[in-house]
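Here is the structure we will look at.
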Amino acid sequence: MHYISTRGQTKPHTFSEAVEAGLAPDGGLFLPEKLPSIADKLPAWSKLTYPQLAAEFFTLFAPEISHAEWHLLTAEAYRRFDSPEVAPLKKITDKTYVLELFHGPTLAFKDFALQLLGLLYKRQVEKTGKHLSVLGATSGDTGSAAIHGCLGRDGITIFILYPNGRVAPLQERQMACTGADNVFAIPVPGTFDDAQRVVKDTFGDTAFANSVNLSAVNSINIARVLAQCVYYIWTCLKLPENVRATAEYVVPTGNFGNVLAGWMAQQMGMPAGGFRVATNQNDILHRFFTSGEYSQSDVHPSHAPSMDIQAASNFERFLYYILDQSAERVREVMAQIKSGAPFKIHLPKTSLRSTRMDDDQIVRVIAQMWQDWQYVLDPHTACAFTDMAQDRVSVVLATASPAKFPEVVQQATGSEPTHPTLEVLKSKPLQTWPMAAEVATVQDFIRQRTSHGTKA
């Protein structure tokens, strides 16, 4: 199994090489050269625990890592989740299920990939002896999950950029209250898209990236997308057999990696009726799936801050597939996106549709779900509860614990959700490194901290 770039100008990489690089040298994103078929494996996989299923799945994508080692890695990755099922599937009604993806260390779905990615980084450092500089941008949950995947690991320093004042207070505390010497939480002015642009341009400077052994922790890293495929397969195998082929997965969507993982699992042979991209008021993806036009506009702060995005980085992988795997066409379209110019394409028939929700609707949905079912949603998951399919089962992916967004939930339900790990953070001091959203500034900071290995 080799990995190729969506832009077609990078030599094939092994899984380990693609994970370490994060972003392909030509600026594209890595994808498996060919997606394997999993349909004939599903009956046997249905008997496995979550860590076992993850190990079996990854064995198909990284043959250079032994079967036994994969089982050790996944067992360790999901050991700290507070649900024995890791990803429990809750039945709300006969037609509605909620997949709870918030039982990891930072109470968000990002833990599924980033607990494992932290272990893969640790393995890489032990095998090569080279220090690893991990860089990412976050609109909220990625940063805290990435930090907790790399926390205290020898040979790894992690730098996370985030838009100052535009992440939830508890999300910031999860990043900035660790006290760990290898963690740098960096607020920058502007939006998430500004932070993500700095990260991508930093990786685009290959001389710098090589000099500090830079790796990407955002969902541009293929290991993250593959790790997310697992919980779709897990869920499919937990559903009644007679609804698996028609069930619609409803996915709160910002950077497009989560829903892309489900769509890729379907391409590999996982039964599914389709996927709904659930956006907030920053609805560029909803507009694309309803019109075929990708037109960027200003980002407006919302009750669902992790989805306050206009430049969804994983969208490039989806483009590669719907543009008939034409790397040349992908390069043309991505150049248009980078320039800010809108583009329109004829959308082929896919299994994806979309919806949007504004802040007022989010509050109403949280209130209604609590009133009707005594089930508390976080603001991102609430975006899924509109235009629910009447003729088939819907599986809503609950992407974060409501306790991470107490103000909105209290406004909707009248009571403030809490969680012990978050309560502890409220009394800890914040430690951040604010700076300009400029590539040179960020590079200088990384260079200094990587060479000294301490917080100066």
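For the sequence shown, the numbering used here gives the first residue as 1, with consecutive numbering after it.
We put the beta carbon where it would ideally sit given N, CA and C, even for glycine.
Here DSSP, grouped into helix, strand and coil, assigns A312 to coil.
For R80, no beta strand (DSSP E) run applies, since DSSP gives it neither H nor E. Excluding five sequence positions before and after R173, the CB atoms of its chain that fall closer than 8 Å to its own CB belong to L422, L425, K426, K428 and L430, given in chain order.
Non-local C-beta neighbours of T206 in its own chain, meaning closer than 8 Å and more than five positions away in sequence, comprise P25, ordered along the chain. By the C-beta density criterion, E85 is exposed, having fewer than 16 other C-beta atoms within 10 angstroms.
Ranked by how close their Cα comes to the Cα of Y249, the residues V396, T279, S302 and A341 have V396 in first place. Apart from sequence neighbours up to five positions away, the residues of its chain that approach L117 with a beta-carbon distance below 8 Å are V19, A146, G149, V217, N221, A223, R224 and A227, ordered along the chain. Between the alpha carbons of S401 and V376 lies a gap of roughly 9 Å.
Within a 10 Å sphere around the beta-carbon of G129 sit fewer than 16 other beta-carbons, which makes this residue exposed.
Here the alpha carbons of V363 and Q281 stand approximately 13 Å from one another. Between V333 and F343, the beta carbon gap of about 6 Å places them in contact (Cβ cut-off 8 Å).
According to the DSSP assignment, P379 belongs to the alpha helix (DSSP H) that extends over P379 to A382. The distance from the Cβ of N314 to that of S219 is about 5 Å, consistent with a contact at the 8 Å cut-off. In the DSSP annotation of this structure, the continuous segment of the alpha helix (DSSP H) that includes K122 starts and ends at D111 to T128. Contact fails between the region 238-252 and the region 73-80, because fewer than three Cβ pairs, one in each stretch, are under 8 Å apart. A Cβ-Cβ distance of about 32 Å is found for the pair F109 and N210, leaving them out of contact under the 8 Å criterion. Counting along the chain, I222 sits inside the alpha helix (DSSP H) bounded by residues I222 to K238. Secondary structure within the region 343-428: the beta strand (DSSP E) runs of 3 or more consecutive residues, fully enclosed, are 352-356 and 394-398 (chain order). Comparing alpha-carbon positions, the option among A54, H380 and S5 lying closest to Y231 turns out to be A54. Boundaries of the alpha helix (DSSP H) harbouring A44: L42 to W45, taken from the DSSP string.
Contact between G140 and P305 holds: CB atoms are separated by about 5 Å, below the 8 Å threshold.
L89 and T235 do touch by the CB rule: their CB atoms are close to 6 Å apart, below 8 Å.
Contact annotation, T279 with M307: C-beta distance approximately 6 Å; criterion of less than 8 Å satisfied. In the DSSP secondary-structure assignment, S215 is bridged to V134.
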